[in-house]
Amino acid sequence: MRLAFVLQLGGRLVRLFAAAPLAPAVVAAFYREWYDASGFLVTAAATGTLGIILERTGSRGVHDSDRLRRLEGMTIVAMTWLVVAHLAAIPYVWAGLGPVDALFESMSGLTTTGATIFTDFGAFGRGIFFWRALTHWLGGLGVIALFVAVLPRLAIAGRELFFAEAAGPIDEKLTPQLRHTALALWRLYAGVTAIEVLALVAAGMPLFDAICNSMATLAAGGFSPHGASIAGYNSATIDWIITVFMFVAGANFALQYRVVRGSRVALVQDEELRAYVGIVVGATLVLIVFLMRDGMAVPDAARHGAFQVVSIITTTGFASVDFELWSAQAKMVLFFLMFIGGCAGSAGGGIKVVRHVLMARLTVRELRRTIHPRAVLPVKLGGRPVPEDTLRDVQVFVLFYLLTAAVGTAIVTALGADLMTGITASLACLGNIGPGFGEIGPMGSFAALHPLSKIVLTLQMWIGRLEVLTVLVLFRLEPWRQARWSSR
Amino acid sequence: MRIIIVGGGEIGFGLAQALAESHQVFVIDQAADVADRFAQLDVQFLLGSGTSDDVLARAGIADADVVVACTGLDEVNIVACALAKQLGQPRTFCFVSRDDFLADAAQEHHRLTSFGIDRVIWPEAQLAADISRIVHAPGALDAEEFADGKIRLLEYQLHPQSPVAGKRIADLHLPHGSLIVAVRRGDTFFIPRGDSHLTAGDRVVVMGLPGALGDVRGRLLGDITTSRQRITIVGGGDVGLQVAERLDAAGQVDLTIIERDVARGELIAGRLRRALVLNGDGTDLELLEAEGIGRSDVLVSVIDNDERNLLASLLGRQLGVPRIITRVSRRANLRLFERVGIDIAISARAAAVASLHHQIEGVSVRLLAVIEQGAGRILELEVPSGYAPRSLRELAPPLNSIVGAIIRGDGAIVPRGTDRIAPGDRLLVFTTHAAADRVRDYFTHVSN
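The structure is reproduced here in structure tokens:
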């Protein structure tokens, strides 16, 4: 690993991020929240300065012939996310939060988790709420993917970065040029967000809320400017609109791009999408049954059942009702969905549907191998055999993911939370879902947790968003022992 | 006719043997040791490459009527045909063995024309199609389809417990739309009449409409098992993979493929949806026993080696597989295999040679199929305009031939004596090898 190279590229990415806080500064100024606006300007200045310093420092040790290696790409992505999360926390500190809480909120925003430590929503201005939604929106499809799309110069180094950040086990390019792929995805993403804003405004939501909620929906985030999440708008129409768009956010964007381009067949053929639809429909039906048994009327059970199922499986984390008050049976359905996650290449987090599909087939393969020891049994996806190293990556991922969740649970519970809170806090942060059960339920907050728990959960969000291995590899000593300042 | 055969392998030899009597045949091959084999035939052997102007010129390409390219290399065959078309105006027949670009149905016409090829012959594909048709007809020894599947032909062997053994054909009361067109008893092959008797061990060839033939099997064999067939394919080469792909796509079978090569096995497993691919040797008794191959309904052995094929087939027989289909590469082995207990021995090359021979010889009458290794033939004749319609009974076709079906417009009839034939009808005539020429002459004569 060449540290100069890592610093230079990472610094450039940080510097580029300096433009982001300018948008909430404008919003804050528009609502005459001058103090908050100044906070965003400070953030922009700090981000820009730090980025330039890092880039300058690094560029002295970089040679023109240097090519990015895989490990360096992973380091840059992981470190950039960590640094950016710290910088994005500045506005929250400015608005009066403690540093641990601010970092938690900032990481929760960027990683599209949507877990909040806010308790009193009235204490914050609109600029802050817009910032929360914007961090979601930028983090949803990937900050680096955005930069790759916008900056041609990044494209060569961007390959490693892009795939280190992308969600899912299978690298997929829509066009031969990575930059066009990134651009196409961002256009689609922005377009669908705009459509949702229009739909929500038409359904009677105020424009500001519609923008914030739409950005949070498409990113599969979960921050809402309303203290009671989507339940606060108390409208069946709004619930159904958001259900649909959450569902879209949890599906593979590359697939959606192809559908928009006229390839309808891809939609039916995609096995992950079929599994995704199947799980959503199945879980919704089961949940409706439990909700009706608990005395809910059919239209309400359908509305809230579908909303919560889609919200949890896509790892959005919105709530159309306080599901903390539901029976254990109904909550069980949501708990189960916390392990699934969205599709690969979507804004959703978690283990991802395609990995579950492959894990199920791996299990069947092992069973068949017991019966036929000499059989040749490829695991297929979409009719094509999946390479064995991809399968190994999937198994390792699932194992590490579950272990990380277990460790998180242990720490949060050990530091004083009750067991259900501990389990769901760990799962909700690692899977970038947001709310859990118990005191961190949809109407609750992470504020009361032990500060150390908050730090652990912040790390879990980071690890979960970057798909575990990208981050965990940096905890090995080897890359650092081999690290040199420069290649010469 | 002047006929040039490029490639002196099994196909080239078979073809030269069949054509040498009545035509001038030139055989081109690069291997000198092949020459000895052709010395016993009345043909001209040229040592050299079929893709060389010079060698083709020495074979008199300018006046050649037919060029058959049948070396083992597809590319050589294609180039030989293209070159022959440039140097003269022969009809060109090109053998291929892989499903690369010539076998692409959608592009076929255009590509063939641009390469100067009149007909592509792909023996392995033909063999795979034959095998999968036979497999799909439970209990049958042979199965063919004509007129886009409107007419089928099936061959069964009567076992000693068969309910029809010892009965007169007229007393069988086979379903309407089906007809027994031939019987093979020992080494004799004949076309039966209503008063012929059937005996156990006879091989009976039935022609008919698909619907009617459904009942015939139960009538002849006395058993009706309709459960899913378990099929084992030994050897995952070109033929094995193609058979597997056909059966896999059709579904309703449990398919197991045994392939020795690991990489090839992975490729096969990747191409098939439901089949089970085993990595191992088809002649490995331990593997066959462990996997319960003996419980298969059919074993298809299509390794590209006659000895190993025979061994795998005999092991299958020992384990109790009731129906065994084996590929035979050397024509000389065909009879031998059946004698040692293989139910169905088929050779891609023998079928290709017979079909090609006929295409070169007879232009007016189409040969649709050969049955029982050439003993029986199915010809297609068109009744010309100006022909006075008459019933079949008034027709007195030569001995050992029978009109098996009449194709009229979009429909097909399996005729009885009272059915009439009229201009525009196409007749499927079943005949023995010996009578084929007489049948051709007779129907041409009647037509006039």
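Protein chains in written order, with our numbering: chain D, 1 to 488; chain L, 1001 to 1448.
Here a beta-carbon is modelled for each residue, glycine too, at the ideal position from N, C-alpha and C.
Computed from a predicted model, the values in this text were never measured in an experiment.
Exercise. Looking at chain L, which residues of the stretch 375-386 of chain D have a Cβ within less than 8 Å of any of its Cβ atoms?
Worked result: The residues in question are A375, V376, L377, P378, K380, G383, R384 and P385.
Exercise. Are the beta-carbon atoms belonging to L427/D and A447/D less than 9 Å from one another?
Worked result: The answer is no: Cβ separation not under 9 Å.
Exercise. Should F475/D be labelled buried (16 or more other beta-carbon atoms within 10 Å of its own) or exposed?
Worked result: Classification for F475/D: exposed.
For this session: Give the C-beta separation of I1131/L and R1349/L to the nearest angstrom, bearing in mind that I take them to be a contact with Cβ-Cβ under 8 Å.
Result: No, I1131/L and R1349/L are not in contact; Cβ-Cβ is about 15 Å, not under 8 Å.
Exercise. In terms of residues, what are the limits of the beta strand (DSSP E) holding E1144/L?
Worked result: Start and end: D1142 to F1146.
For this session: Tell me whether the beta-carbon of L291/D lies closer than 9 Å to the beta-carbon of W326/D.
Result: Contact flag set, yes.
Exercise. Going by C-alpha distance, which of L1087/L, R1335/L and V1298/L is nearest L1319/L?
Worked result: The residue with the shortest Cα to Cα distance from L1319/L is V1298/L.
Problem set entry | the stretch 1122-1138 of chain L touching the stretch 1173-1180 of chain L, judged by at least three CB pairs closer than 8 Å | Not touching, per the Cβ criterion.
Exercise. Residues in the stretch 294-317 of chain D with C-beta within 7 Å of chain L's C-beta atoms, listed in sequence order?
Worked result: For the stretch 294-317 of chain D, which is checked against every Cβ of chain L, not one residue is closer than 7 Å.
Problem set entry | Where the alpha helix (DSSP H) through Q1126/L begins and ends | Counting along the chain, the alpha helix (DSSP H) containing Q1126/L begins and ends at P1123 to H1136.
Exercise. Where does H1197/L sit, in a helix, a strand or coil, going by DSSP?
Worked result: In this structure, DSSP gives H1197/L an extended state, which the three-state scheme calls strand.
For this session: Identify each residue in the stretch 1262-1287 of chain L for which the Cβ-Cβ distance to at least one residue of chain D is less than 8 Å, and report them in chain order.
Result: Against chain D - using a Cβ distance shorter than 8 Å - the residues of the stretch 1262-1287 of chain L are V1262, G1265, E1266, I1268, A1269, G1270, R1273, L1276, V1277, L1278, N1279, G1280 and L1287.
Exercise. What residues are listed by DSSP as bridge partners for Y1156/L?
Worked result: BP columns for Y1156/L point to V1204/L.
For this session: Mark T1431/L as exposed unless 16 or more other C-beta atoms lie within 10 angstroms of its C-beta, in which case mark it buried.
Result: Buried, by the Cβ-count rule.
For this session: Look at the alpha carbon of I313/D and the alpha carbon of I288/D, and state the distance between them as a whole number of angstroms.
Result: Their backbone Cα atoms lie some 16 Å apart in a straight line.
For this session: Entirely within the stretch 1216-1303 of chain L and at least 4 residues each: give me those alpha helix (DSSP H) ranges in chain order.
Result: Segments of the alpha helix (DSSP H) lying fully in the stretch 1216-1303 of chain L: 1238-1250, 1262-1271 and 1285-1290.
Exercise. Nearest chain D C-beta to E1291/L closer than 9 Å, yes or no?
Worked result: At a cut-off of 9 Å, the C-beta of E1291/L has a neighbouring C-beta in chain D.
Problem set entry | Which residues DSSP lists as bridging K1085/L, in chain order | Checking the DSSP bridge columns, you'll see K1085/L has no partner listed.
Exercise. Exposed or buried, what is N1305/L when buried is set at 16 or more other beta-carbons lying within 10 Å of its beta-carbon?
Worked result: Counting Cβ neighbours within 10 Å, N1305/L comes out exposed, since fewer than 16 surround it.
Exercise. What is the DSSP secondary structure of Q458/D, reduced to helix, strand or coil?
Worked result: Note on identity: in this sequence residue 458/D is Thr, with Gln being the wrong assignment. Three-state result, T458/D: helix.
Problem set entry | Unbroken stretches of the alpha helix (DSSP H), 4 residues or longer, contained in the stretch 242-271 of chain D | Here the runs fully enclosed are 253-260 and 264-269.
Problem set entry | Any alpha helix (DSSP H) of 4 or more consecutive residues that is wholly inside the stretch 1017-1083 of chain L | Runs found: 1032-1039 and 1053-1058.
For this session: Find the residues of chain L that neighbour H372/D, judging by a C-beta separation of less than 8 Å, and give them in chain order.
Result: L1276, L1278 and E1291, listed in chain order.
Exercise. With burial defined as no fewer than 16 other Cβ atoms inside 10 Å of the residue's Cβ, what is the status of S1114/L: buried or exposed?
Worked result: That one is exposed.
Exercise. What first and last residue would you give for the beta strand (DSSP E) that runs through C1094/L?
Worked result: Run containing C1094/L: R1091 to F1095, per the beta strand (DSSP E) assignment.
Exercise. Does the distance from the C-beta atom of T237/D to that of T316/D stay below 9 Å?
Worked result: Contact: no.
Exercise. Any Cβ of chain D within less than 9 Å of the Cβ of E1245/L?
Worked result: No Cβ of chain D is located within less than 9 Å of the beta carbon of E1245/L.
Problem set entry | Contact with chain L by R274/D, beta-carbon distance below 9 Å | Judged by the 9 Å Cβ criterion, R274/D is not in contact with chain L.
For this session: Determine whether the Cβ of E1259/L lies closer than 9 Å to any Cβ atom of chain D.
Result: Chain D, which has a Cβ nearer than 9 Å to the Cβ of E1259/L, makes this yes.
For this session: Locate the beta strand (DSSP E) running through V357/D, then write down its first and last residues.
Result: From DSSP, V357/D is part of no beta strand (DSSP E) but of the alpha helix (DSSP H) over V353 to I371.
For this session: State the DSSP-derived secondary structure class of F104/D, mapped to helix, strand or coil.
Result: DSSP places F104/D in the helix class (H, G or I) of the three-state scheme.
Exercise. When burial is assigned at 16 or more other CB atoms within 10 Å of the CB, is P442/D buried or exposed?
Worked result: Answer is buried; the Cβ neighbour count reaches 16.
Problem set entry | For K331/D, the three-state DSSP class (helix, strand or coil) | Note: K331/D maps to helix in three-state DSSP.
For this session: Can you say whether D1437/L is buried or exposed, counting buried as having 16 or more other CB atoms within 10 angstroms of its CB?
Result: Per the 10 Å Cβ criterion, exposed.
For this session: Would you identify the three-state DSSP class for L1395/L, choosing helix, strand or coil?
Result: Three-state result, L1395/L: coil.
Exercise. Of all the CB atoms in chain L, is at least one closer than 9 Å to the CB of E366/D?
Worked result: Not one chain L Cβ lies under 9 Å of E366/D.
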